[in-house]
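Beneath this line is the structure, given in structure tokens, with notes to follow.
In UniProt numbering, the protein residues as written are 1 to 59.
This is the structure we're talking about:
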């Protein structure tokens, strides 16, 4: 969600949104790094899917 908000703010500010004149570029890079550090979304979705299938097969 943070990346979506930052992306919108950067677009509203135009070229200034991606320059060092605003804090948006730094915040976006930080938020993106945290998203990478958290792990790939596909891995999380796959893990959730496997857990749901395991629970469903026990019923």
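Note that the Cβ used here is the ideal one computed from N, Cα and C, for glycine as well.
Where residue i sits in the DSSP three-state scheme
i: residue 10; result: helix
i: residue 33; result: helix
i: residue 22; result: coil
i: residue 59; result: coil
i: residue 46; result: helix
i: residue 39; result: coil
Rounded Cβ spacing between residue i and residue j (contact assumed at less than 8 Å)
i: residue 6; j: residue 35; result: Not confirmed; about 11 Å, so no contact.
i: residue 8; j: residue 16; result: 14 Å between Cβ atoms; not a contact.
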